[in-house]
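S.K.:
Residue numbers (my numbering), protein chains in the order written: chain P, 93 to 848; chain A, 93 to 848.
Take a look at the structure:
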């Protein structure tokens, strides 16, 4: 019986609903100290003095740690996946409000909280820059010199570059865009902006460091145990196997819990204190640790009279904040899909990662794609409307079809862009004209569609261990952060071994014993780890068959494992260990042209259709229907796929309608969930979540990832529907009632007064 | 450079001397309860009532648990490796003083200690039997019916046997012993006794049970994590993978920490309380949990006039105490070597495992061999002396030589009995007559030699994981209990992979992730796990070579692993996992005749030579020189081999000279280390510890085990030396000054009065 394709309940559900699921926030160790971080109050400044005397004198304080203490253990205390630019604690300078400057350690977390207020820091403020387009002019420079990390060899050419905020300029050129634009009759150009947004995990960042006889263990809420191990080992100058990273379940990750967040700080604090140390960030602190990239996107298209997009020019400025984190990869990996899911002969892309004095930005669900789709799907809609072509028809004319080359030169395979588009149109009854309504409320509909490439080339390793009674243990470093990977992987192993998924026990990431995986991110787990688990299970199956042969059991007969073990070892004893590494083939984009013949193992496709009404008196919108359609190949667990589509779409809604980190001179003015509005249960409209019938031929069991696809196009579909309803075009997110009203008044030539 | 054969320092030494080594006695969990056991005060009785009211009412007590509570979770709460005869807590009856009857759980261990005194148990006492020879008459029967466990299929014929204390009668017959004895001129017969002794671990038994979302974890000081997992899973009716056993370093094991000790009780308590539970036995409690087998050995030999042993008859009564534990295996596995390392044509062995009302006895260093060697090497010496043949010469005439069949019919291979004997003689300057001394002090010397077969057939599995920087993690379920296995296995893996053993990190037993191993016992680890680690390292090496090929590196070149990984994965990523299972070939002894063509993968040989003086006025002896010689094949770490020889010999000395658990009507009267005397540093004589130059051809790197060999022959060598010095023969251990004096007075016909 196939275990793949069934909507079995999540394997971790019982532990969660009974309160027995393990999270690091619950985790304590004997003799543990709690750390509280003092954060910078200025956006750019030189630290003149740090006076820790009062904090140290506070009753119950164990110690106060600053960069000078850290540098006794880590002489060069800078980390980062792309650039080694982020200090564990501020060294001499601060680069953004909220940067970690000092830490109080105490046995009681409330004591640490109180004492941290007693630290006095004197800053000499420096000029700061916050806007990405402004910063790209390099008039105010954040860092004196670029420090690429060397992990990504394609950044080597940036080593030592001075006086620039441009951390990376990804360029792609295909065909002759300049010529095409010069020859074009119809050229459209628009600029869109995407604001700073937070990846709201209900479990904030939390890490416990534990000095051990044989090294250091970090118990941490991370999506990347294997990377954390590597980076901490590098910082400490230790071999990998002296650093152990344990990750239980996460209360959400959404990309924010990638790379190093609290781990470097906690690691060093534990080594300094020679005791276990825990730091648990507050909800407020999350806003200062990592955010989504704000971005400005100038997009220009040349279109034929018949409505074919001939050429497209994209210029994207990504606001990376004060430290690069994985930003350069966002600007590159997303950058090359900036021209969208369209078959365009002449393409030019410039995608800039820009340093500013905002808190750092990095990976958040979608990894830059929502920023791009917001722009290119708004732009596409404007063109279609302007040319009087139905937006669905316009897209049908221009989308990339099977076998056609993407802008990078990679031929599209198993990318059901057409099917996703058709399904949205069908579900929207697109052919039937919409009753627009009368009076103050106007109805409209809009669609959007986006694509994303997978993160590549990355390896995943799995171990499938069959015990003597036939029960199975699966060891892997994939993190279940709510997306259901434990369940999916149980199904994958069970399918190969022809057992019930319930007999598969998952060993959660523990880098001493669960093998390497680059990380749980970029919707890569189902594809990459799914393959590794499948192959490891096949390896185990083969070894079990060999054991049966050793035991003298006739070949081809299907003995239960318990009988094979008993026969071979004379008692219930032994086990069989299957292992496998999976890495897809990949051809990295050429550094000069951005071209690649095989840029991704698969394409994720996600689209949305929105039917809404706008209250023209208040600017409020009410969504009647939100259709979310993806191509995720063949779902391994259809119900989990539906919840992933739903979750991503809801996050997309928040991003479209309300989420906006407000800053004022680098200060965040709404750093709390009271002021920063995410979608609540009453904000969620009627939704339909659909995975089209598709097969990812090179995927495990025909599957590919689905964690992000449904977030891509919600915002432009809404903006397009608003335009359809009331004929105004919004180019900035979020689409608040105020923004709608303001746009409407501008259109009607009666702007809102600021004091209205 | 070879890593095998080098005396590198122990890999865990630094953790131990800095106090950072992990032991379960230190281990605590949040919300943990401490359990204190109420133990039976009678040796055999029916439980009429258990009044727990006062204990329950004691302030701070969480609960009081008796068998009836346990049976709600485990309806048939009996465990044991050979027989399912031992209840988790006494059900209706008690069978020995110290049997666990009830448990108090409290958050404070001192509260539990105090409250346990308040439990009132009323017993109806039943007749009890303590002596093994007496018990074999079956006049008083301990258990109504035998309950073989079924794990050992060769015990099946005992199922349901009633009214007997004989748990197992191992019989071996070779040639025509009856005919040979009838025809013999010279027949010698003696009976020897070996007392109850304790395996003194400085870390007493300790277990922490932790209910988890996905099952139950036991953190326990056990030599057998894989067995504990199986047995707890069986008791609970769970699959193996729901039970996780974690074992850090042990503070000694010596065989006592095998099978189930506190684990079943703690497992069930944790499930009842739904909280973590810890029970740490006191030193006193160790005496009631498991002891070494007391034994009575009647040995009879027919000897030719020239001094060849023609026939031998052995009858061994093993006092198994009230529960079988592994006793039946002791009587069988040791039983078949009861005729010693001698080439004897006609052999008859009866080896009886007997139930009595003493605390249970089981595996202790040597697994029955010291009891046998005590008898057969005393007996051998008596014969030689009686016949006027030099004891070394007598043995030379009779020992088993390479290729000759052992009593079981197995041909001896790689058993350097002759070399061990010659080395002892050389080291003792045996050819030079000893100056006997005059006056009250007399000098003598003696030797002894013994053999032991390995525990078979048993499997060991290992995982060798190479990280992207070349550092190595070795996962295995071998327990380092002070014998140095972590170091040995690091050397084995390092040798194959051509790295420094320091780069190998050992993952201590954790049955979720470290693979199956039958247990750390019977000196089996170096041979069995040594092979598994070697083979797993070879597997990893091959996979690394394949990775190099995938990466396009030229074949045959010796790239460092870090370069191979970086080349293959484009960054520091991935790992390589080698695995292997090792199980030696083995032919179990025939149930009827006890014969086997291949009874053991290797033979362990150990001998001792003693040069001592006896004070004829006080009975005190002073050992001038103790020579310990073993064949352990080729040592992997010569220094660790020497410390193993030394440690075993010191334990043998204690066993010979002072260790004796005194009982009176089943009550132990010296259950403390103040009254039960083990060797202290000032008791240890000048020793020389030698491993003869040898190769175990089928062993890993030519090695075999050495944990027990040097314990075998210390006692008979001392007794033989005393006979040599003062002409008295001691047949009971320990050889206390009182025993010597009493024997001397008897010889001189002036017995000591009891009130002297």
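Just so it is clear, CB atoms sit at the ideal spot from N, CA and C, and this is done for glycine as well.
For residue 500 of chain A, decide whether its Cβ has a neighbour in chain P, counting only Cβ atoms nearer than 8 angstroms.
M.R.: Along the second chain, read from residue 1 onward, the residue named residue 500 of chain A stands at position 408. Chain P, which has no Cβ nearer than 8 angstroms to the Cβ of residue 500 of chain A, makes this no.
S.K.: Run through DSSP, which three-state label would residue 427 of chain A get?
M.R.: On the second chain, position 335 is the one that residue 427 of chain A refers to. Here residue 427 of chain A sits in helix by DSSP.
S.K.: Can you find a CB in chain A that lies within less than 8 angstroms of the CB of residue 365 of chain P?
M.R.: Numbered from 1 along the first chain, position 273 holds the residue referred to as residue 365 of chain P. Judged by the 8 angstroms Cβ criterion, residue 365 of chain P is not in contact with chain A.
S.K.: If distances are taken between C-alpha atoms only, which option among A:519, A:165, A:136 and A:722 comes closest to residue 214 of chain A?
M.R.: Taking the second chain and counting its residues from 1, the one referred to as residue 214 of chain A is at position 122. Residue A:136 is the option with its Cα nearest to residue 214 of chain A.
S.K.: Let me know the beta strand (DSSP E) ranges lying completely inside the stretch 527-579 of chain A, each 3 residues or longer, listed in chain order.
M.R.: List check, beta strand (DSSP E) in window: 533-545, 552-559 and 564-567.
S.K.: Apply the 10 Å Cβ neighbour rule to residue 773 of chain P and answer buried if 16 or more other Cβ atoms are within range, or exposed otherwise.
M.R.: Sequence index remark: in the first chain, residue 773 of chain P carries index 681 (1-based). By the 10 Å Cβ count, residue 773 of chain P comes out exposed.
S.K.: Going by DSSP, name the residue or residues bridged to residue 240 of chain A.
M.R.: Residue 240 of chain A sits at position 148 when you count from the first residue of the second chain. Looking at the DSSP assignment, residue 240 of chain A forms a beta bridge with A:175.
S.K.: Report the residue ranges of all beta strand (DSSP E) runs contained in full by the stretch 252-305 of chain P; include only those spanning at least 3 residues, in chain order.
M.R.: Qualifying beta strand (DSSP E) stretches, in chain order: 258-266, 278-286 and 298-304.
S.K.: Got a sec? Which residues, its chain only, sit under 8 angstroms from residue 156 of chain A by beta carbon, not counting five neighbours each side?
M.R.: Here residue 156 of chain A corresponds to residue number 64 of the second chain, with the count starting at 1. Cβ within range, chain order: 144, 147, 148, 194, 195, 196, 197, 207 and 211.
S.K.: From what residue to what residue does the alpha helix (DSSP H) around residue 597 of chain A run?
M.R.: Position 505 of the second chain holds residue 597 of chain A. No alpha helix (DSSP H) holds residue 597 of chain A; the beta strand (DSSP E) holding it covers 596-599.
S.K.: Should residue 656 of chain P and residue 741 of chain P be called a contact, given that it needs their Cβ atoms to be closer than 8 angstroms?
M.R.: For this step, residue 656 of chain P is matched to residue 564 along the first chain. For this step, residue 741 of chain P is matched to residue 649 along the first chain. In this structure, residue 741 of chain P does not lie closer than 8 angstroms to residue 656 of chain P by Cβ.
S.K.: Using 10 angstroms around the beta-carbon of residue 781 of chain A, count the other beta-carbons present and answer buried if the total reaches 16, otherwise exposed.
M.R.: Numbered from 1 along the second chain, position 689 holds the residue referred to as residue 781 of chain A. With 16 or more Cβ atoms within 10 Å of its Cβ, residue 781 of chain A is classed as buried.
S.K.: Identify each residue in the stretch 304-315 of chain P for which the Cβ-Cβ distance to at least one residue of chain A is less than 8 angstroms, and report them in chain order.
M.R.: Cβ contacts with chain A: 304, 305, 306 and 307.
S.K.: Taking its Cβ as the centre, do 16 or more other Cβ atoms sit within 10 Å of residue 383 of chain P, making it buried, or is it exposed?
M.R.: Residue numbering aside, residue 383 of chain P sits at position 291 when the first chain is read from its first letter. Under this definition residue 383 of chain P is a buried residue.
S.K.: Which whole-angstrom value is the C-beta distance of residue 264 of chain P and residue 253 of chain P, which I expect to be below 8 angstroms?
M.R.: For the purposes of this step, residue 264 of chain P is identified with residue 172 of the first chain, where counting begins at 1. For the purposes of this step, residue 253 of chain P is identified with residue 161 of the first chain, where counting begins at 1. Actually they do not touch by this definition, with Cβ atoms about 21 angstroms apart.
S.K.: Evaluate residue 311 of chain A with the Cβ neighbour count: other Cβ atoms within 10 Å of its Cβ, from every protein chain shown; 16 or more gives buried, anything less gives exposed.
M.R.: Looking up residue 311 of chain A in the second chain gives position 219. With 16 or more Cβ atoms within 10 Å of its Cβ, residue 311 of chain A is classed as buried.
S.K.: Measure the CB-CB distance between residue 696 of chain P and residue 797 of chain P and report whether it falls below 8 angstroms.
M.R.: For the purposes of this step, residue 696 of chain P is taken as the residue at position 604 of the first chain. For the purposes of this step, residue 797 of chain P is taken as the residue at position 705 of the first chain. Yes, the pair counts as a contact, with Cβ atoms nearer than the cut-off.
S.K.: Establish whether the CB of residue 662 of chain P and some CB of chain A are separated by less than 8 angstroms.
M.R.: Against the first chain, residue 662 of chain P aligns to sequence position 570. Yes, because at least one Cβ of chain A sits closer than 8 angstroms to the Cβ of residue 662 of chain P.
S.K.: Tell me the rounded alpha-carbon separation between residue 356 of chain A and residue 181 of chain A.
M.R.: Looking up residue 356 of chain A in the second chain gives position 264. Looking up residue 181 of chain A in the second chain gives position 89. Near 10 angstroms, if we compare the C-alpha coordinates of residue 181 of chain A and residue 356 of chain A.
S.K.: Helix, strand or coil: which one does DSSP assign to residue 812 of chain A?
M.R.: Translated into positions along the second chain, residue 812 of chain A becomes position 720. Note: residue 812 of chain A maps to helix in three-state DSSP.
S.K.: Between which two residues does the alpha helix (DSSP H) holding residue 659 of chain P run?
M.R.: As a position in the first chain, residue 659 of chain P is number 567, starting the count at 1. First-last of the alpha helix (DSSP H) with residue 659 of chain P: 653-661.
S.K.: Could you pull out every residue in the same chain whose Cβ sits closer than 8 angstroms to the Cβ of residue 831 of chain A, ignoring the five residues on either side in sequence?
M.R.: One-based indexing of the second chain puts residue 831 of chain A at position 739. Cβ neighbours of residue 831 of chain A beyond the five flanking positions: 711, 822 and 824.
S.K.: In the DSSP assignment, what residue or residues form a beta bridge with residue 670 of chain P?
M.R.: In the first chain, the residue the question calls residue 670 of chain P occupies position 578. In the DSSP output, where bridge partners are listed per residue, residue 670 of chain P has P:556.
S.K.: Below 8 angstroms on the Cβ atoms is my guess for residue 539 of chain A versus residue 698 of chain A; work out the distance and round it to an integer in Å.
M.R.: To locate residue 539 of chain A, count along the second chain from 1; it is residue 447. To locate residue 698 of chain A, count along the second chain from 1; it is residue 606. So it is not a contact: roughly 12 angstroms between Cβ atoms.
S.K.: What are the residues of the stretch 755-775 of chain P that lie near chain A, defined by any Cβ-Cβ distance shorter than 8 angstroms?
M.R.: Listed in sequence order: no entries.
S.K.: Between the beta-carbon of residue 350 of chain P and the beta-carbon of residue 454 of chain P, is there less than 8 angstroms?
M.R.: Taking the first chain and counting its residues from 1, one reaches residue 350 of chain P at position 258. Taking the first chain and counting its residues from 1, one reaches residue 454 of chain P at position 362. Yes; because the gap between Cβ atoms is below 8 angstroms, this pair is in contact.
S.K.: Leaving out five residues before and five after residue 813 of chain A in sequence, what residues of the same chain have Cβ atoms less than 6 angstroms from its Cβ?
M.R.: Here residue 813 of chain A is taken as the residue at index 721 of the second chain, counted from 1. Taken in chain order, the residues that qualify are 536, 537, 538, 702 and 704.
S.K.: Does residue 837 of chain A come out as helix, strand or coil in the three-state DSSP assignment?
M.R.: Residue numbering aside, residue 837 of chain A sits at position 745 when the second chain is read from its first letter. Residue 837 of chain A falls in the helix class under three-state DSSP.
S.K.: If the cut-off is 7 angstroms on Cβ atoms, which residues from the stretch 815-843 of chain P count as contacting chain A, listed in chain order?
M.R.: Per Cβ criterion, the list is empty.
S.K.: Considering only their Cβ atoms, is the gap separating residue 187 of chain P from residue 416 of chain P smaller than 8 angstroms?
M.R.: Translated into the one-based positions of the first chain, residue 416 of chain P becomes position 324. Translated into the one-based positions of the first chain, residue 187 of chain P becomes position 95. Their beta carbons are not under 8 angstroms apart, which means residue 416 of chain P does not touch residue 187 of chain P by this criterion.
S.K.: Let me check understanding here. Comparing Cα to Cα, which of A:810, A:793, A:150 and A:303 lies closest to residue 107 of chain P?
M.R.: Walking along the first chain from the start, residue 107 of chain P turns up at place 15. Residue A:303 is the option with its Cα nearest to residue 107 of chain P.
S.K.: Would you kindly work out how many angstroms separate the C-alpha atoms of residue 429 of chain P and residue 630 of chain A, rounded to a whole number?
M.R.: Looking up residue 429 of chain P in the first chain gives position 337. Looking up residue 630 of chain A in the second chain gives position 538. Approximately 45 angstroms, taken between the alpha carbons.
S.K.: Could you name the residues that DSSP lists as bridge partners for residue 131 of chain P?
M.R.: For this step, residue 131 of chain P is matched to residue 39 along the first chain. P:192, per the DSSP bridge assignment.
S.K.: Give the straight-line distance between the Cα atoms of residue 769 of chain A and residue 297 of chain P, rounded to the nearest whole angstrom.
M.R.: As a first step, residue 769 of chain A is located in the second chain; it is residue number 677 there, counting from the start. As a first step, residue 297 of chain P is located in the first chain; it is residue number 205 there, counting from the start. If I take the Cα positions, the gap works out to 56 angstroms.
S.K.: Buried or exposed for residue 485 of chain A, going by 16 or more other Cβ atoms inside 10 Å?
M.R.: Stepping through the second chain from its first residue, residue 485 of chain A is reached at position 393. Answer is exposed; the Cβ neighbour count stays below 16.
S.K.: Mind listing which residues of the stretch 607-622 of chain A have their C-beta closer than 8 angstroms to chain P's C-betas, in chain order?
M.R.: Listed by position, the residues of the stretch 607-622 of chain A near chain P (Cβ gap below 8 angstroms) are 607, 608 and 610.
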